[in-house]
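In the working numbering, the protein residues as written are 11 to 165.
Note that the Cβ used here is the ideal one computed from N, Cα and C, for glycine as well.
Quantities reported herein were computed from a predicted structural model and do not represent experimental measurements.
Reviewing the structure listed below.
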Amino acid sequence: MASRMLWASKAASHLKISVFNRGFASVVKDLKYCDSHEWVKVDGNSATVGITDHAQDHLGDVVYVELPEVGASVTQGEGFGAVESVKATSDVNSPVTGTVIEVNEVLSDSPGLVNSSPYEKGWIMKVELNNNGELNNLMDADKYSKFCEEEDSKH
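Given below as C-alpha cells:
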C-alpha cells in the first residue's frame, strides 16, 4: 500500500499535478471521472482516457487490454473496449464523445501498466473531442473520491 501511494505521489510530481490520497487508491485532482471508473485528462481539444486506480485495484492483475481502432467514434457513457484481469473482464466506457486519434499500443505487450501506472503510462486512448460541454457531466476528484467511498461501503 505504501509503495502505491509513493508511486502516485512521484507520478503526480512528475506530471506536476496534485493527488488526493485515499486509504486504498489515489485520485488525481486535475482529472474528471465517470461513475464507471474511467478518467479523462483534457488538453485543448483532445483528451486522454484510462481506468482509475480504484478500478485497477478492484480488477486485480490486468492481463489484456482491448484497444479501440484509431479513427473510431466513441460516445460518452458507451463502451469502447475491455480490460481483462485474473479476476474478471470489464467493459471500458468512454467519458467523452469524439474520434480516437491515438491508442496506447504499449499495452498490447505490457497490459500490467494499467495496474502499475493507471494515470501515466497505463492510459488507453486519446480522443479528439466533439463537445467539451460533456465534461460537465463528469465528477471532479472530490466527488469521485466520495462516490468510491460510498460504493465500497455497500460491499
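Excluding sequence positions up to five before and after GLN66, its CB lies within less than 7 Å of the CB of VAL72, VAL124, ASN125 and PRO128, all in the same chain and listed in chain order. Non-local beta-carbon contacts of ASN140 in its own chain, meaning distances under 6 Å to residues more than five positions away in sequence, involve THR107 and GLY108 in chain order. The beta carbon of GLY89 is closer than 6 Å to those of ASP101 and ASN103 in its chain, skipping five residues each way along the sequence. Bounds of any alpha helix (DSSP H) do not take in TYR74; it lies within the beta strand (DSSP E) bounded by 72-76. With respect to THR62, LYS51 sits apart: the two C-beta atoms are not nearer than 8 Å. Secondary structure within the stretch 58-132: the alpha helix (DSSP H) runs of 4 or more consecutive residues, fully enclosed, are 63-69, 116-119 and 123-126 (chain order).
GLY60 is the residue among GLY60, VAL37, LYS42 and GLY143 whose C-alpha sits nearest the C-alpha of GLU112. Taking all protein chains shown into account, TYR74 has fewer than 16 neighbouring C-beta atoms within 10 Å of its C-beta and is therefore exposed.
Boundaries of the alpha helix (DSSP H) harbouring SER155: 151-163, taken from the DSSP string. Secondary structure of LEU41 (DSSP, three-state): coil. DSSP places LEU148 outside both helix and strand once states are collapsed to three, so it counts as coil.
A straight line joining the alpha-carbon of LYS153 with that of GLY54 spans about 23 Å. Going by beta carbons, GLU48 and PRO105 fall inside the 8 Å limit.
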